[in-house]
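Heads up, the thing below is written out as structure tokens.
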Amino acid sequence: MKKIGILFAAVLAAMLASCATMDSGTADERAIANGVNEWNEREPSAAAAYWNDISNKTTAAKYLNYITLYNAGVTALSDADSIKSTNESKLLSTCNTAIDKFAALDPALKLPPDVCKKGSDLAAGRISPLLAAQKMTAARNLLAAAQKVYGPSDRLTEEGQEIDLVSSMLSKQSALNGQAEKIQGIDNFDDKIAAYDAALSAYTSAESEITSAVNKSSVAKNAGVTANIRALKKAHQDLSIERESAIRERAYDYKDRIGAEFARTPEGTNTGTMSLEDILSHYQSVKTNIDNIYTELLAFAARYPNDIGPDILNDINSQKKDLEDKIAQVNAEIRTAKEIASRGKVVMPIMIGLFNPVPGSTAESKKSRPAKFSAAGAKKDEYWWGMVSIPKNQMNDLVITLKDNRTVRVFTENTKSGKLIKKNNLKDLVNRGYKVGNSWPVLNAGSQLTSNKYFFEVQKGKTENYEGEVVVYSSFIVRMR
Amino acid sequence: MNKSMKQNRLAILAVSVCLILAGATAWASPSPELVKQEAGYYYGYGQGTTLDEATLEARRDLISNALTTAVRTTDAAASRVSVTAGSAQARLTDLKPFVKTKSGVSPAVTVRIKTTEWDKREKAYSDALRTELSTAAAGLADKKTVYAKIEGALEILAKLSDNGETELLTADPAGSELLSRRIESFCAETAKSFTLTLSVKDGFIDPNSTFSVKVSDASGNAVAGLPLSITWETPDLPTDAAAEAQPVTATLKTDSQGNAQIEYPAAGEYRNRPVTLTVTTEFAVSVPASAALKKLDAENAVDGRYIHCTDLKTAYPSVNVPAGNFEAGAVPQDTRAGRKEAAHTVTTDSFDIDIGPVTNARYAEFLHATRAENVPEYFDNSDYNQGSQPVVGISVKDAEAYAEWLSAQTGCTYRLPTEEEWEKAARAGKNTIYPWGDDSPADGKKANYKGNGTYAAPSPAGAFENGKNAWGLADMAGNVWEWTSSSRSQDTQSAYRIVKGGSWMDGPADLRISNFRELDGSAGYPDVGFRLVKEISK
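If you read the sequences in order, they're chains E and G.
Under the working numbering, think of the first position of the first sequence as 5, with each following residue one higher.
Under the working numbering, think of the first position of the second sequence as 48, with each following residue one higher.
Right, dumping it as structure tokens:
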């Protein structure tokens, strides 16, 4: 019996010794290590058999939860397969779920290569859309998280290049935006346009550099790159249009001011009763203003020859020419009016010269049609003018006959009421040697008169009243004789 | 029994108790999912509604694990190999559960096999499979029809896939070429000469249009029984369609004549907009994992670029301009008109003119149907590429190409208006400075000009209801200048053309009907678009 007791005690001691060598800490560590080994060498689910043996409930739960996390990550990756490629937000959310689950695993636990590939492909696919939306931080964080969880892969490396490229593009874009924003604060027009030109030139250079960099990369067609190239192009276009718009606005301002000046009417004046001088004054003030604006416009056009087309200048020039024509017309009218006024009184009818009576003729067309003139209350010399048409090669004589014996002098040009006779030493055309009675002849008048007008002076006589007539004879001398 | 015997019995009993106690703690059988896997074995785990079902799933899992291990010896990141239940049923039929759940619990089983045993069995299985499939492959050339050959090839590929052998089974026992690659090459060689032809050419379609595709081989023979994938979708181009259209897909088979009828999508989103029909072969459906078959499907494809249009008149509304004389140039009350706008009498024939300028949506249809690659300069700029905005950045040549295309599509003659035709249409029979009258548009309610207070870019065509003229023509003043075919240059070769109407970049006085600019027609501008006239057949 004693032997039995010894034997039982020995077996019990052996069992206790066995239990002693498998103390709880060591056994759990071994279970953990075995599970990790199974996870890494076979498959994650194989670890459950070992981690289930961990005696520490908290530690066991923690490790068994890794399998739950892993399965949740794998499920997320699988779910991504059924999400439409256009539903980017859901794809990104699923991608982040997978990364979050896998990132929570113990670092000693490796993900199977196929899971890494699927996960890194999913993550890589999300980076481009983030870059397209210019969410650089999110893209960088996703890349870092994906590389940490799934390890390096060709696609993630490519996305890293895309991030660098887009980052460089955005950096350039940011600098260009800053340059463009400063333009808004420039008041001087030329300075503003110069700033636009500098910014546009910078855009062109930046685009060229970016195109070169993009062509050298393997990510030229990635959404992040193409979207940012589009954004850069849009910014470039917008700035170019802004510049064009500024110039167009200035050009329009010039045209508008010129147009408004052309359309301006004298304020508060009844234009129907305006004198020629007032009209001229108005037009000249318009012209002065337009000339000033046009000078500005020409300088503007010289600076921006590509922006002020010939059509704009031609249009303004044609309007300007219209104005100059109007001014010339008014000036001519004023000159005519002044000149007519200065001639003195007009002989009526002024068509005297059209008739050339033949002495003795009874034909109606050849009867004398004298231009008659008369005056009353004449207290000093008076001046008259008339029109006549006498061909130079005809021996026609112009004869002025008065009813009294006052003196008559005839001139080829306007004497300005006698003022220019002495001043310009105007020659009296009367051939006094052929004077007959009160008739004052200008022989061979066609050759002596320099225009179709003749001007004559009727000197003060004994009375204040006088009258006379002007006649053209084919030969006054012969007739008189 | 003597004392000594009694003592021995007690000792044996004590040891037995100890052993039972120890065994109960140390060697108790775990549940199937918690089996600790030993090296040198492949394991599989399965669950099912019955024990047999769970066992089959466990075998299927084991086969997949073993095949995946084999595949990953050459490609560590290879996807997990899967096999069909049928394949699992044909393999390892004698494999018994290594551990199974106790009765009364949902059946779950773990099976295992020594790797050496698996290798031996797999070799026998794959050899038999190679023999079977090689025989089938050898008979492909004798098939009577092209599609019978491809069908046979696809069956071989499907069987390889079902058995998880696509990336494992070599064509020859000692060779390295995979049987799947050889069969895929056969498919590519056989199908490379397929021609898919759509019954409807690119361009306008209406609700009565019917579609079909014909498939023929290199000899022109119909390919019957060929599975085809049909996809209707809408292009990513500016549109004025309100709703987004989801792609519509279908699978068809060619009939004995090689034809397959195609239904137009019934969804309302597919009305009155550009659509793309893509037809491809559907070889990859049989073996989804085959990149070669996917490539082959991509190569055996045809697409149609259509514009669905229920009513052309609605899509391209116009008004008639009667024949006769009219006074072109500045009207007497226009104090802003320059000498270049001198009034003059002009005679025109009768013609129709578009209600509004050609929009991005309309121009996109042209680009879509003609597969044009040179899109307008501002088509990527969101400020200028909305469907209802007038298209800008268009040269005269571009506009004429559009008119030529539209003419060919409709059988009518569309072209750019002359300067006088444009002006006559803008006046709508009245002698006013602007299309709506003599009032300046400066109130911001009649036209889109610089400083209008609402738009800083082209506005949607027809956005200013108050700016329409008496004939209902919109945007004849402001929004965008419009190309005409006229030139005032003495040089007949000059690229300069007259533009009319003023734009969102110009001040209100530039919107006068008689005003015009001369621009280089070979260039595009952000504020120059166009509208067309349609000649009236005599």
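In this text, a Cβ means the ideal position worked out from N, Cα and C, and glycines have one as well.
Show which residues of chain E have a CB atom less than 8 Å away from the CB atom of G/Glu80. Ser49, Ala52 and Ala53
Going residue by residue through the stretch 242 to 288 of chain E, where are the continuous beta strand (DSSP E) segments of at least 3 residues, counting only ones entirely within it? none
Under DSSP, the alpha helix (DSSP H) around G/Trp483 begins and ends at which residues? No alpha helix (DSSP H) contains G/Trp483, which DSSP labels as neither H nor E.
Pull up the distance between the alpha-carbon of G/Ala375 and that of G/Arg559, whole angstroms please. 12 Å
For the beta strand (DSSP E) that contains E/Phe193, what are its first and last residues? Segment Phe193 to Lys220 is the alpha helix (DSSP H) holding E/Phe193; no beta strand (DSSP E) there.
How many whole angstroms separate the CB atoms of G/Asn513 and G/Pro482, which I take to be in contact at a CB cut-off of 8 Å? Actually they do not touch by this definition, with Cβ atoms about 10 Å apart.
Any Cβ of chain G within less than 7 Å of the Cβ of E/Thr215? no
Expressed to the nearest angstrom, what Euclidean distance is found between the alpha-carbon atoms of G/Pro423 and G/Val295? 29 Å
Cβ closer than 8 Å: which chain E residues qualify as neighbours of G/Gln84? By Cβ distance, chain E contributes Glu42, Arg46, Ala50 and Ala53.
Which same chain residues, not among the five before or five after E/Glu343, have their C-beta less than 7 Å away from its C-beta? So the list reads Asn418, once near-sequence residues are dropped.
Go ahead and label E/Ser124 buried or exposed: buried means 16 or more other beta carbons lie within 10 angstroms of its beta carbon, across all protein chains shown. buried
If the criterion is Cβ atoms closer than 7 Å, does the pair E/Tyr80 and E/Thr98 meet it? Checking the sequence, you will find Ala at residue 80 of chain E rather than Tyr. Going by C-beta atoms, E/Ala80 is nearer than 7 Å to E/Thr98.
Check whether G/Ser126 and E/Asp118 have beta carbons under 7 Å apart: yes
Which residue spans inside the stretch 441 to 479 of chain G form an unbroken alpha helix (DSSP H) run of at least 4? Runs found: 443 to 457 and 466 to 474.
Below 8 Å between beta carbons is the criterion; list the residues of the stretch 542 to 558 of chain G that meet it against any residue of chain E, in chain order. Met552, Asp553, Gly554, Ala556 and Asp557
Looking only at its chain, what residues have a beta carbon closer than 7 Å to the beta carbon of G/Gly476, apart from the 5 residues adjacent to it on each side? Ala517
Flag this pair as yes or no: are the beta carbons of G/Glu249 and G/Ala416 separated by less than 7 Å? The sequence shown places Asp at residue 249 of chain G, not Glu. Yes, they are a contact pair.
Just confirm the distance between the C-beta atoms of G/Lys579 and G/Tyr461, as a whole number of angstroms; I'd bet it's less than 8 Å. As written in the sequence, residue 579 of chain G is Leu, which differs from the Lys given in the question. With 8 Å as the limit, G/Leu579 and G/Tyr461 qualify as a contact, their Cβ atoms being about 5 Å apart.
So, with DSSP's three-state summary, where would you put E/Gln452? helix
Alpha carbon to alpha carbon, how far is E/Leu174 from E/Ser209? 14 Å
Return the CA-CA distance between G/Val334 and G/Asp174, expressed in angstroms with no decimal places. 21 Å
Look at G/Gly199 and G/Lys190 and say whether their C-beta atoms are less than 7 Å apart. yes
Relative to the C-alpha of E/Glu337, which candidate in E/Gly348, E/Asn318, E/Asp326 and E/Leu284 has its C-alpha closest? Minimum Cα distance to E/Glu337 is reached at E/Leu284.
Within chain G, the residues that E/Arg234 reaches when beta carbons sit closer than 7 Å: Asp427
Quick check: is the beta carbon of G/Pro573 nearer than 7 Å to any beta carbon in chain E? yes
In chain E, which residues lie less than 9 Å from G/Arg127 when you measure between Cβ atoms? Pro116 and Asp118
Mind reading off the beta-carbon distance from G/Asn210 to G/Val118? Whole number of angstroms is fine, and I expect it under 8 Å. With 8 Å as the limit, G/Asn210 and G/Val118 do not qualify as a contact, their Cβ atoms being about 13 Å apart.
I'd like the span of the alpha helix (DSSP H) that includes G/Ala117, first residue to last. Leu98 to Val118
Taking any Cβ of chain E, which residues in the stretch 370 to 392 of chain G have a Cβ under 7 Å from it, in chain order? Thr382, Arg383, Gly385, Arg386 and Lys387
Reduced DSSP category for G/Gln94 - H, G, I as helix; E, B as strand; rest coil: Three-state result, G/Gln94: strand.
Step through the CB atoms of chain G and report whether any lies within less than 7 Å of the CB of E/Ser89. With 7 Å as the cut-off, E/Ser89 does not count as an interface residue toward chain G.
Coil, strand or helix - G/Asp350 by DSSP: strand
As assigned by DSSP and simplified to three states, the class of G/Tyr502: coil
Within-7 Å CB hit, G/Trp74 to chain E: For G/Trp74, the predicted model reports a pLDDT of 45, less than 50, meaning its position is unreliable; a value from the coordinates is still stated below. False, the Cβ-Cβ gap to chain E never drops below 7 Å.
E/Lys94, DSSP secondary structure in three states: Reduced to three states, the DSSP call for E/Lys94 is helix.
Spatial distance of G/Thr42 from G/Ala348 (CA atoms): Lying before the first or after the last residue shown, residue 42 of chain G is absent from chain G, which here runs from 48 to 585.
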